Every structure is written in structure tokens, then in C-alpha cells.
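*Asks:*
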Amino acid sequence: MAHYRSAGLVPPKRHTQHRAPDGSLYREELMGEEGFSSDSSLLYHVGVPSAIVEARTWQLPDQATTPNEPLLPRHLKLHDLFTDAERDLVRGRRLVLGNGDVRISYAVGAEASPLYRNATGDECVFVEAGSGVLETVFGHLAFGPGDYLLVPRATTHRWVPDGPVRAYCIEANSHIGPPKRYLSRYGQLLEHAPYCERDLRGPGQPEVRDETDVEVYVKHRGSGPGGLSGSVHVVPRHPFDVVGWDGCLYPYAFNVADFEPITGRVHQPPPVHQVFEGNNFVICNFVPRKVDYHPLAIPVPYYHSNVDSDEIMFYVDGDYEARKGSGIGKGSISVHPGGHSHGPQPSAIEASLGAESFDELAVMVDTFRPLELGEGGRAVDDGVYHLSWGRS
Numbered sequence: 001m002a003h004y005r006s007a008g009l010v011p012p013k014r015h016t017q018h019r020a021p022d023g024s025l026y027r028e029e030l031m032g033e034e035g036f037s038s039d040s041s042l043l044y045h046v047g048v049p050s051a052i053v054e055a056r057t058w059q060l061p062d063q064a065t066t067p068n069e070p071l072l073p074r075h076l077k078l079h080d081l082f083t084d085a086e087r088d089l090v091r092g093r094r095l096v097l098g099n100g101d102v103r104i105s106y107a108v109g110a111e112a113s114p115l116y117r118n119a120t121g122d123e124c125v126f127v128e129a130g131s132g133v134l135e136t137v138f139g140h141l142a143f144g145p146g147d148y149l150l151v152p153r154a155t156t157h158r159w160v161p162d163g164p165v166r167a168y169c170i171e172a173n174s175h176i177g178p179p180k181r182y183l184s185r186y187g188q189l190l191e192h193a194p195y196c197e198r199d200l201r202g203p204g205q206p207e208v209r210d211e212t213d214v215e216v217y218v219k220h221r222g223s224g225p226g227g228l229s230g231s232v233h234v235v236p237r238h239p240f241d242v243v244g245w246d247g248c249l250y251p252y253a254f255n256v257a258d259f260e261p262i263t264g265r266v267h268q269p270p271p272v273h274q275v276f277e278g279n280n281f282v283i284c285n286f287v288p289r290k291v292d293y294h295p296l297a298i299p300v301p302y303y304h305s306n307v308d309s310d311e312i313m314f315y316v317d318g319d320y321e322a323r324k325g326s327g328i329g330k331g332s333i334s335v336h337p338g339g340h341s342h343g344p345q346p347s348a349i350e351a352s353l354g355a356e357s358f359d360e361l362a363v364m365v366d367t368f369r370p371l372e373l374g375e376g377g378r379a380v381d382d383g384v385y386h387l388s389w390g391r392s
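Okay, so the sequence shown: first residue is 1 according to UniProt numbering, each after it adds one.
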């Protein structure tokens with residue numbers, strides 16, 4: 001996010017001496033994207049950010065996927081994945097869908113996670129329910145229902161829930177940010193964008209912790225399923241030892257209630273609902289809104305073929321008009337794969353006529369390479385969704 005911020009103590013000139021009151025030198029770390037050619041931030045550590053005293057393998061949750069064969073639209077009931085919250089939001093994730101560009105997991109947890117760093121790409125975590133604090137090396141972010149938390153690649157952080165939290169985790173193999181069409185050439189959100197910088201919440205002031213021999217769980221490229229592996233680094237000093245930082249790269253939060261929907265006289269296509277994008281995928285949200293106001297408008301979507309993409313819809317709240325009669329409900333995912341024409345349940349079309357607004361909340365991920373089913377997705381597939389258009 002190319003929006004400059006500064007927090008804590010930073011020197012007036014970058015790459016110059018920055019000393020503590022006792023005269024010791026703070027260690028400057030550049031955290032940057034695309035090899036010094038894109039957004040970055042400078043962080044000033046008390047300790048040495050590269051130091052490791054021990055390492056061991058972390059056995060990641062099952063990352064294996066299987067093709068969607070035979071090709072079918074599917075209904076995955078995420079709320080059936082967990083019966084309790086005795087886990088954390090890092091190690092407790094269950095992979096639902098994935099490909100080489102993005103992995104979608106679901107987690108329910110009430111325990112504080114270990115310190116964690118995803119070295120494969122940015123993460124976008126949508127909080128379905130619950131609240132807590134995302135602690136990061138940049139500072140901390142309080143979160144609650146409806147928040148998107150954007151965590152840049154290799155940011156050391158941990159999740160500290162207040163109680164049970166349900167989280168929809170979108171892990172990229174790239175960076176995630178606002179759609180380019182919403183940005184000026186210098187990175188400012190433009191007037192036609194459905195949100196602006198005022199809607200984004202950055203981290204608070206960084207804090208310095210003094211613990212020693214601290215574990216950090218790292219997900220990284222490797223030889224495991226999906227090309228991923230895990231390691232645990234034991235570092236001599238707590239990574240939260242930053243006295244100040246500045247730059248344009250940092251974690252931030254955006255609440256879905258601050259998204260201003262774009263509507264029209266007739267039904268608008270899904271790109272108007274887009275909120276973020278990564279390499280070969282986009283993230284959209286469907287929020288409560290007034291709907292099409294042409295006198296002959298059909299408010300629910302027309303049937304459409306996903307020629308170039310798989311469409312994954314996570315139903316969070318409200319009554320999703322187009323899916324009435326299909327079995328879809330809160331906590332459901334619908335998988336509409338490329339090569340299959342899909343749209344509303346037949347009875348939903350007539351039922352929607354004359355509607356002035358929709359009360360629905362959903363998060364959609366469209367991918368431009370086929371998604372495969374993870375172990376979590378296979379476990380909660382209802383097996384009959386593909387028949388729902390014929391029986392409505």
C-alpha cells in the first residue's frame with residue numbers, strides 16, 4: 001500500500017547512524033518488495049534481525065490438493081470443519097482450496113498463535129466472527145468481525161484472540177493490494193474507488209519486548225505439497241524490538257462495512273465488487289446495498305460462464321438471494337469452476353423482481369488458474385450441490 005507512514009523513533013536521514021540513549025547503534029532493516037524496486041519500509045531494531053540460534057522443521061498442516069474431477073460446482077460447509085476452538089489461527093488452518101497462485105484456508109481458534117512469518121506471499125485474512133489483536137513487528141492492530149487484515153510477506157506477527165475467532169485465510173504466492181484501476185500512477189486511491197485511505201487502519205506504535213530465545217514459525221518455499229515447507233527459528237531476542245519505522249509497506253486493516261457499493265440501473269458485473277487483487281486472482285466483497293433500479297431490472301445475476309476463472313464465494317451473513325433453494329447458508333462456500341455455466345437458482349429470478357435492496361455479505365475469490373480441493377474442502381463437500389439447479 002503506497003501510503004507513507006512513520007511510527008516511533010526514526011533518524012532524520014535514512015541509512016545514517018541512529019543511536020539509543022546509551023550510545024549503542026540501532027540496527028536498520030529494509031523490508032522491501034521486488035528487489036529494491038517497489039514499496040518498502042525501514043525498521044530500526046535493538047537487536048540483530050538476522051540472528052538465529054537454533055532451527056528445526058515445522059510440519060505444516062496438510063497442503064496436498066486433488067483436482068476437481070469430475071468437473072463439478074460444489075458446496076463446502078466450512079462451519080462443519082471444527083467443533084471447538086481449542087487451537088490457534090496459524091497452526092489450526094485447514095486447507096480448503098488451492099493452486100500455484102493462492103491457497104484458501106479456514107481456521108477457528110481461541111488460543112494465541114505462535115510468532116509466524118509467511119515467506120511465500122502476502123496474506124489477506126477475513127475475520128468472519130470474533131475479535132482480538134494482530135501483534136506485528138510494526139505495531140499492533142485490533143480486529144473484529146468484518147475486518148480484512150492485510151499482512152505483507154515475511155512480516156513477523158501473531159494472532160491474539162479475545163475468544164473464539166473464525167477466520168477465512170487467503171494466502172497468496174505474490175503481493176496483495178488495491179486494484180490498479182483504483183489507483184493513481186503514484187498509488188493514491190482515486191475518486192471512483194469504493195474506499196479510500198481514511199478507511200484503512202495501520203498499526204499502532206511499535207513496542208520493544210525483552211524476551212530471549214523466542215520461536216518464530218516460518219512458512220516458506222520447499223519440497224512439501226504445494227511447493228511449501230515449514231521451519232521454526234529460535235531467535236536470541238524477541239522480534240518485536242523495533243523502536244521506529246517508516247515507509248509504505250506495513251500491515252493494515254479494512255472493514256467490509258467501509259466498502260461503498262457501486263450500483264446501477266441494471267445488474268452490475270462482479271468487478272464493481274472488487275476490493276483487492278493478487279497475481280492471477282482477485283478478491284471481491286458483496287455487501288448490503290440498493291439494487292438495480294431500471295423498471296424491468298432483474299436484480300439477481302444473469303447466468304454466466306466462467307471462461308477464464310474459478311469463482312469461489314464465501315457466504316458470511318444475510319440472505320443471499322441468488323442461492324435461495326440451493327442449501328447454501330452462512331459459512332458456506334460455493335465453487336463454480338471455469339467451464340461450467342452458473343447463475344441463480346431458477347426460482348430466485350422471479351422472486352427477486354421488484355426488490356430494492358439486498359441484505360447479504362459475502363467474500364469472493366476469482367482465480368485465473370483452476371483451483372484444486374484441499375483436505376478441508378474434501379471433508380465438507382455436500383456432494384449434491386451440482387443438482388440444485390435442476391431441483392429448484
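We treat Cβ as the ideally placed atom computed from N, Cα and C, and that holds for glycine.
On a predicted model such as this, the values are computed, not experimentally measured, just so you know.
Use the C-beta contact count for V256: other C-beta atoms within 10 angstroms, 16 or more gives buried, fewer gives exposed.
*Replies:* Result: buried.
*Asks:* List the whole-angstrom C-beta distance separating A362 from Y315, where the pair is believed to meet the contact cut-off of C-beta under 8 Å.
*Replies:* Rounded, the Cβ-Cβ distance is 5 Å, consistent with contact.
*Asks:* In or out: Q59 buried (at least 16 other Cβ within 10 Å) or exposed?
*Replies:* Flag for Q59 reads exposed.
*Asks:* Are the Cβ atoms of Y250 and S113 separated by less than 8 Å?
*Replies:* No. Outside cutoff.
*Asks:* Going straight from the alpha carbon of P145 to that of K77, what length do you get?
*Replies:* Approximately 19 Å, taken between the alpha carbons.
*Asks:* Per DSSP, what kind of secondary structure is K180 in: helix, strand or coil?
*Replies:* K180: helix per DSSP, three-state reduction.
*Asks:* Write down the C-beta distance between Q205 and G121 rounded to the nearest angstrom, noting that I regard them as a contact closer than 8 Å.
*Replies:* Wrong, their Cβ atoms sit about 27 Å apart, outside the cutoff.
*Asks:* For I328, I'd like the list of residues in its chain whose CB is within less than 7 Å of its CB, leaving aside the five on either flank, ordered along the chain.
*Replies:* H75, Y315, Y320, S334, listed in sequence order.
*Asks:* If you count every other CB in all the chains shown that lies within 10 Å of the CB of Q17, and 16 or more means buried, which is it?
*Replies:* The residue in question, Q17, is exposed, as its Cβ has fewer than 16 Cβ neighbours within 10 Å.
*Asks:* What's the gap between the Cα of S392 and the Cα of D381?
*Replies:* Its pLDDT being 45, under 50, S392 is placed unreliably in this model, and the value from its coordinates should be taken loosely. So the two alpha carbons sit approximately 20 Å from each other.
*Asks:* Tell me the residue span of the beta strand (DSSP E) that contains A348.
*Replies:* It is not in any beta strand (DSSP E) - A348 instead sits in the alpha helix (DSSP H) that spans 346 to 352.
*Asks:* Find out if the Cβ-Cβ distance for the pair C169, I283 is shorter than 8 Å.
*Replies:* Contact flag unset, no.
*Asks:* Taking DSSP as the reference, what is the three-state secondary structure of H267?
*Replies:* The answer is coil: DSSP assigns H267 none of H, G, I, E or B.
*Asks:* What separation, rounded to the nearest whole angstrom, lies between the Cα atoms of V272 and R181?
*Replies:* Those two C-alpha atoms are separated by around 11 Å.
*Asks:* Would you give the residue range spanned by the alpha helix (DSSP H) that E375 belongs to?
*Replies:* Residues 375 to 379.
*Asks:* Hey, is the segment 155 to 171 in contact with the segment 198 to 214, meaning 3+ C-beta pairs nearer than 8 Å?
*Replies:* No: fewer than three Cβ pairs fall under 8 Å.
*Asks:* Leaving out five residues before and five after E33 in sequence, what residues of the same chain have Cβ atoms less than 8 Å from its Cβ?
*Replies:* Closer than 8 Å at the Cβ level, and outside the excluded window around E33, lie D39, S40, P152, R153, H175, L249.
*Asks:* Just the Cα atoms here: how many angstroms apart are T83 and A110?
*Replies:* The straight-line gap from Cα to Cα measures roughly 13 Å.
*Asks:* Express the C-alpha separation of Y385 and V10 in angstroms, rounding to a whole number.
*Replies:* If you take the alpha carbons of V10 and Y385, they lie about 56 Å apart.
*Asks:* What is the DSSP secondary structure of R74, reduced to helix, strand or coil?
*Replies:* Looking at R74 - three-state DSSP - the assignment turns out to be strand.
*Asks:* Could you round the C-beta distance between V242 and G100 to whole angstroms and report it? I think they count as a contact, below 8 Å.
*Replies:* 33 Å between Cβ atoms; not a contact.
*Asks:* Could you tell me if D308 is buried or exposed, where buried requires 16 or more neighbouring beta carbons within 10 angstroms of its beta carbon?
*Replies:* By the 10 Å Cβ count, D308 comes out exposed.
*Asks:* Taking C-beta to C-beta, are H342 and P73 nearer than 8 Å?
*Replies:* Result yes, Cβ atoms of H342 and P73 sit closer than 8 Å.
*Asks:* Please state the DSSP three-state secondary structure of L115.
*Replies:* Residue state, collapsed to three classes: strand.
*Asks:* So for P225, helix, strand or coil by DSSP?
*Replies:* DSSP places P225 in helix when its eight states are reduced to three.
*Asks:* Could you tell me the alpha carbon to alpha carbon distance between H157 and W245, rounded to whole angstroms?
*Replies:* Between H157 and W245, the C-alpha separation is close to 16 Å.
*Asks:* What does DSSP give as the partner residue(s) for S41 in the beta ladder?
*Replies:* Beta-bridge pairing links S41 to M31, G247.
*Asks:* How far does the beta strand (DSSP E) with H336 in it extend, from its first residue to its last?
*Replies:* H336 -> beta strand (DSSP E) spans 332 to 336.
*Asks:* Which residue from Y26, R378, N279, M313 puts its Cα closest to that of E171?
*Replies:* For E171, the nearest C-alpha among the options comes from N279.
*Asks:* My guess is that I312 and V275 are in contact by the Cβ rule of under 8 Å, so how many angstroms apart are they, rounded?
*Replies:* Not really, about 14 Å apart at Cβ, beyond 8 Å.
*Asks:* From this set, K13, L190, G222, which residue's C-alpha is nearest N118's C-alpha?
*Replies:* Answer by Cα proximity: G222.
*Asks:* Would you list the residues sitting across from R166 in a DSSP beta bridge?
*Replies:* DSSP output for R166 lists V108, A129 as bridge partner(s).
*Asks:* Taking the beta carbon of A20 as the centre, do at least 16 other beta carbons fall within 10 Å, making it buried, or is it exposed?
*Replies:* Exposed, by the Cβ-count rule.
*Asks:* Return helix, strand or coil for A7, following the three-state DSSP convention.
*Replies:* A7: strand per DSSP, three-state reduction.
*Asks:* So, with DSSP's three-state summary, where would you put W389?
*Replies:* DSSP places W389 in helix when its eight states are reduced to three.
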